[in-house]
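Notes follow once the structure below has been shown.
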Ligand SMILES: CC(C)(COP(=O)(O)OP(=O)(O)OC[C@H]1O[C@@H](n2cnc3c(N)ncnc32)[C@H](O)[C@@H]1OP(=O)(O)O)[C@@H](O)C(=O)NCCC(=O)NCCS
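In this note's numbering, the protein residues as written are 1 to 360.
See the structure below:
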């Protein structure tokens, strides 16, 4: 029964109650975060309070409450960040647990969260990113059927060191049964084309119609996360929201017409050395060096001006043209994320690729 599944009492030394997170849990969560080794230090209590007062869109947090000698306390918390659009079948998990008080509550909460994700939200790809050195967490997720898919080099800063993380994922239902698409795919090698003069400049909200035209193209939907038949109003709003310093939009112009765009989103706090890149070119202009020009600008901006040392992206395993472009620009494959997205009636895997640079 629904009530029993979500609020069941689990027999332990102390009674553990699992329930949805409430705004008033913020002090316990602050205590967990400040007690966890390797977590960002000196966080502000009001950040945690605001986060719980206004959870992120698509967040579904659960907590485990232990009835300790001095009263009930949240000792572990999971969050399901629910995917949408082409990633409706996905959810990203986090688990936070008090190092001294949680006992087995973290594991119990995690089991319940996986059940809720798969049986109530119908999520078929659950993933989690963990510090590679946290063998206890890796083993815990591994015991629940999560499999390591990628190792992210130098993706987080911990006490002055850049350390690796791993992505683990658990597939279920039709996603578990899906087969990877073959490399090569839909777009044959095009013959060399003449290279026009390309001007790269910052994108602005005035460019929204050009963005909308490119995002609406079937070939661009195929290679990216765009959805066919997008609403112009929606795209106008999306372009308006893409502003520095978190997001750096670039456009490529040929003869004064915007024919391609790229973007880089910068992570925050102890991941602020990481940028996530994406790009697309109007298919009438493929093979003319525009993707290469956009990529050169992304790298220049990231590494020479805003001090990023890691640029990462996901690319479908059958998008040979894009993979070639990224390899040529120093990106290495760090793993394969299975059933990463849904495309034209089937799940499609994605390579996780990254380029590292050292600050000179
Ligand atoms: C991927 C994309 C941005 C490349 O843009 P582009 O302007 O065609 O790129 P370029 O002309 O600079 O060519 C890039 C490289 O791919 C090579 N290439 C062309 N067709 C290819 C193919 N079918 N298979 C493999 N490589 C191919 C080119 O030869 C070139 O390498 P080279 O300079 O060594 O010759 C563009 O195809 C696109 O927008 N695709 C749809 C959206 C998309 O997939 N975005 C990437 C999301 S991760």
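Using N, Cα and C, we set each Cβ at its ideal position, and we do this for glycine too.
- By the Cβ-count criterion, residue 65 is buried, with 16 or more other Cβ atoms from all chains shown falling within 10 Å of its own Cβ.
- Note on the stretch 144 to 227: whole beta strand (DSSP E) runs with a minimum of 3 residues are 147 to 158, 161 to 171 and 199 to 202, in chain order.
- Taking non-hydrogen atoms of ligand 1 into account, the C-beta of residue 322 is found less than 6 Å away from one of them.
- Counted as a single uninterrupted DSSP element, the beta strand (DSSP E) harbouring residue 280 occupies residues 274 to 281.
- Here the alpha carbon of residue 78 sits roughly 11 Å from the alpha carbon of residue 29.
- In this structure the stretch 192 to 204 does not touch the stretch 161 to 175; the number of beta carbon pairs closer than 8 Å is below three.
- Under the 10 Å beta carbon count, residue 147 is surrounded by fewer than 16 other beta carbons and is classified as exposed.
- By the Cβ criterion, the stretch 17 to 24 is in contact with the stretch 43 to 61, since at least three pairs of Cβ atoms, one from each stretch, lie closer than 8 Å.
- Excluding five sequence positions before and after residue 145, the CB atoms of its chain that fall closer than 7 Å to its own CB belong to 170, given in chain order.
- When beta bridges are read from the DSSP output, residue 111 appears opposite no residue.
- The Cβ atoms of residue 16 and residue 105 lie closer than 7 Å to each other.
- Within the model, the alpha-carbon separation for residue 296 versus residue 234 is close to 29 Å.
- CA-to-CA, the gap between residue 306 and residue 335 works out to about 27 Å.
- Beta-bridge partners assigned by DSSP to residue 65: 17 and 74.
- Put simply, the backbone Cα of residue 230 is about 6 Å away from that of residue 216.
- Bounds of any beta strand (DSSP E) do not take in residue 27; it lies within the alpha helix (DSSP H) bounded by 26 to 35.
- Under a 10 Å Cβ-count criterion, residue 112 is classified as buried, with 16 or more other Cβ atoms of the shown protein chains found around its own Cβ.
- Boundaries of the beta strand (DSSP E) harbouring residue 252: 247 to 254, taken from the DSSP string.
- Per the Cβ contact rule, the stretch 343 to 353 is in contact with the stretch 311 to 323 (3 or more Cβ pairs under 8 Å).
- Excluding the 5 residues flanking it on each side, residue 242 has same chain C-beta neighbours closer than 8 Å at 203, 249 and 263, in chain order.
- The straight-line gap separating the alpha-carbon atoms of residue 256 and residue 206 is approximately 14 Å.
- Counting the other Cβ atoms within 10 Å of the Cβ of residue 269 gives fewer than 16, which makes it exposed.
- Residues 273, 275 and 302 of the same chain have their beta carbon placed closer than 6 Å to that of residue 308, with the five preceding and five following residues left out of the count.
- Annotation for residue 219: 283 place their beta carbon closer than 6 Å to its own, counting only its chain and skipping 5 residues before and after.
- Annotation for residue 102: no alpha helix (DSSP H) segment contains it, and DSSP assigns it neither H nor E.
- 95 is the residue among 95, 342, 120 and 100 whose C-alpha sits nearest the C-alpha of residue 108.
- Residue 304 has its alpha-carbon roughly 30 Å from the corresponding atom of residue 133.
- Residue 34 and residue 324 have their C-alpha atoms spaced approximately 44 Å apart.
- Contact check for residue 128 and residue 93: beta-carbon distance about 5 Å, within the 8 Å limit, so the pair qualifies.
- If you check the C-beta of residue 319 against ligand 1, you find a heavy atom less than 6 Å away.
- Within the same chain, Cβ atoms closer than 8 Å to the Cβ of residue 58 are found at 81, 82, 83 and 84, the five residues on either side in sequence being excluded.
- A buried status is given to residue 319, since no fewer than 16 other beta-carbon atoms sit within 10 Å of its beta-carbon.
- Rounded to whole angstroms, the Cβ separation of residue 239 and residue 211 is 5 Å, and the two are in contact under 8 Å.
- Residue 266 is positioned such that its CB atom lies closer than 7 Å to that of residue 246.
- Here residue 139 is exposed, its C-beta having fewer than 16 other C-beta atoms within 10 Å.
- Annotation: the continuous beta strand (DSSP E) that includes residue 311 extends over 310 to 316.
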